[in-house]
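Chains as they are written, first to last, in this note's numbering: chain C, 19 to 270; chain B, 116 to 345.
Given below as structure tokens:
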């Protein structure tokens, strides 16, 4: 799992780098526009420790934001499964609000909360929250009649049992959605740092952009890719453990 | 204990045809009764109306001294996280715990108790599902093809045991099998399509019980009656 994801990333990254070099040497562009491989290597050696700390900082915020959004989506998804007006209201609101781009709201968050951790965390959480919420509402609202019927008929059904049944029956979907939204959490954090923040790899990219230093940006992208891949692999591993624990061999 | 349906009229929302136009029937009380009829005639619909899962019909369903009506069907499952034993332990009312081991033994579930539901064969799943319903408090249990995947010998054992153990309760057994309906059931409600009048015909079955000889001529006669009525 780990080596496959990392290989995939390396292949894509180095193909992109090769394409840049083809453009550079094909059009005879200067090192100022697209740095040479030697310059990229020199930059990587100089800035690796600084950027590594920055990307770990970003990854930490992304993980926190991801956890926050999973918790929030679970709570709202549980309420949204209700057949009374509250559930219906939440479902409609969720569908409408998710259509609104969070990046457009980000400046308001920075005005209100400043450029510290809370803004980055909130934007990261919001960006991966809505796809999670839509899936969670869908899963928690869908009755599993063949299992729930008994508990409803015998008046043993509780909200907790209902959520447990629906989560258990859709565990593969839940894991896929959580793993898929991890990339969004990372994207959200970098976007937040890019718009206005005082730390993280997005902030470093913004400075490199002001300096028109493509070598630094390429090094930053490499580290972002490696760290995101590692986070996804870790999530997939956790999901695999959960699936394995609940996996039941079919009989006949 | 009595169940009566008077002039039931029902049409599924959005459907053009009525399932029932003026359905009336009466079940006398405790016993193992049957609801028989071809596919699509409305057996499951009627069962769901009796247990209150379908509303929006006209007419009247009255049940004297039948407060606890349960409906079970053959596709039901037990949650995958618990074994059969854990599920029974958690969901059997304290007052009924004394019959758990007898039912487990009679239904041949002893070796399946530590298994998860998905590990069981379809017939074993049917038996497990029915057992957990029999362990509940009920006045009427509607069994919608609850033993559809169980072999004939085991099915006979199970039905005879149910009749033996729960003689004071009422059962409505939905089946397509003319022989078992004619052989084991007391009253047989033969449900017919909506354009036939009356839509339900009630016949008397052979009500075969443990230790009683089976009159084969009477059985054949009942089977002919059922086929003729449907």
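Idealized CB from N, CA, C, for every residue including glycine.
The model shown is predicted, which means the values in this text are computed figures rather than measured ones.
CB contact check: residue i to chain B, cutoff 8 Å
i, result
"residue 106 (chain C)", "no"
"residue 178 (chain C)", "no"
"residue 160 (chain C)", "no"
"residue 78 (chain C)", "no"
"residue 23 (chain C)", "no"
"residue 154 (chain C)", "no"
"residue 102 (chain C)", "no"
"residue 42 (chain C)", "no"
"residue 174 (chain C)", "yes"
Residue i, enclosing alpha helix (DSSP H) - first and last residue
i, result
"residue 180 (chain C)", "177-187"
"residue 245 (chain C)", "232-264"
"residue 80 (chain C)", "55-98"
"residue 182 (chain B)", "From DSSP, residue 182 (chain B) is part of no alpha helix (DSSP H); its letter is neither H nor E."
Option nearest residue i by Cα separation, candidates the options
i, options, result
"residue 194 (chain B)", "C:108, C:124, C:215, C:185", "C:185"
"residue 295 (chain B)", "B:212, B:337, B:307", "B:337"
"residue 323 (chain B)", "B:290, B:266, B:147", "B:147"
"residue 152 (chain C)", "C:125, C:191, C:135, C:122", "C:191"
"residue 304 (chain B)", "B:283, B:235, B:143, B:206", "B:143"
"residue 167 (chain C)", "B:157, B:132, B:328, B:248", "B:248"
"residue 177 (chain C)", "C:258, C:23, C:93", "C:93"
"residue 330 (chain B)", "B:299, B:200, B:263", "B:299"
"residue 332 (chain B)", "B:326, B:325, B:340", "B:340"
"residue 205 (chain B)", "C:175, C:21, C:231", "C:175"
"residue 297 (chain B)", "B:334, B:140, B:268", "B:334"
"residue 78 (chain C)", "C:204, C:224, C:199, C:257", "C:204"
"residue 270 (chain B)", "B:282, B:292, B:283", "B:292"
Cutoff 8 Å: residue i Cβ touching any chain C Cβ
i, result
"residue 186 (chain B)", "yes"
"residue 58 (chain B)", "No answer is possible for residue 58 (chain B): it lies beyond the span of chain B, which begins at 116 and ends at 345."
"residue 318 (chain B)", "no"
"residue 229 (chain B)", "no"
"residue 247 (chain B)", "yes"
"residue 217 (chain B)", "no"
"residue 260 (chain B)", "no"
"residue 192 (chain B)", "yes"
Cα-Cα separation between residue i and residue j, rounded to whole angstroms
i, j, result
"residue 110 (chain C)", "residue 209 (chain C)", "27 Å"
"residue 270 (chain C)", "residue 237 (chain B)", "Its pLDDT being 49, under 50, residue 270 (chain C) is placed unreliably by the model, and the measurement read from it follows with that caveat. Whole-angstrom Cα-Cα distance: 7 Å."
"residue 180 (chain C)", "residue 165 (chain C)", "9 Å"
"residue 2 (chain C)", "residue 166 (chain B)", "Because chain C is modelled from 19 through 270, residue 2 (chain C) falls outside the range shown and cannot be assessed."
"residue 135 (chain B)", "residue 97 (chain C)", "38 Å"
"residue 108 (chain C)", "residue 172 (chain B)", "32 Å"
"residue 182 (chain B)", "residue 285 (chain B)", "12 Å"
"residue 128 (chain C)", "residue 87 (chain C)", "19 Å"
"residue 176 (chain B)", "residue 124 (chain B)", "11 Å"
"residue 240 (chain B)", "residue 232 (chain B)", "7 Å"
"residue 251 (chain B)", "residue 207 (chain B)", "6 Å"
"residue 143 (chain C)", "residue 25 (chain C)", "28 Å"
"residue 90 (chain C)", "residue 32 (chain C)", "38 Å"
"residue 41 (chain C)", "residue 35 (chain C)", "10 Å"
"residue 75 (chain C)", "residue 47 (chain C)", "34 Å"
"residue 215 (chain B)", "residue 203 (chain B)", "8 Å"
"residue 264 (chain C)", "residue 235 (chain B)", "16 Å"
"residue 159 (chain B)", "residue 126 (chain C)", "57 Å"
"residue 232 (chain C)", "residue 43 (chain C)", "16 Å"
Continuous beta strand (DSSP E) stretch holding residue i: start and end
i, result
"residue 232 (chain B)", "From DSSP, residue 232 (chain B) is part of no beta strand (DSSP E); its letter is neither H nor E."
"residue 286 (chain B)", "285-290"
"residue 148 (chain B)", "146-151"
"residue 51 (chain C)", "Taken as a continuous stretch (DSSP letters only), residue 51 (chain C) belongs to no beta strand (DSSP E), as it is neither H nor E."
*asked:* Within 8 Å, do at least three Cβ pairs link the region 46-60 of chain C to the region 210-221 of chain C?
replied: no
*asked:* Three Cβ pairs or more, each shorter than 8 Å: is that satisfied between the region 184-201 of chain B and the region 234-245 of chain B?
replied: yes
*asked:* Pairs of beta-carbons, one from the region 145-161 of chain B and one from the region 304-321 of chain B, closer than 8 Å: are there three or more?
replied: yes
*Should the region 153-160 of chain C be called in touch with the region 233-244 of chain C, which here means at least 3 C-beta pairs below 8 Å?*
no
*asked:* Is it the case that the region 304-313 of chain B contacts the region 251-263 of chain B, given that we only count it when at least three CB pairs across the two stretches are under 8 Å?
replied: no
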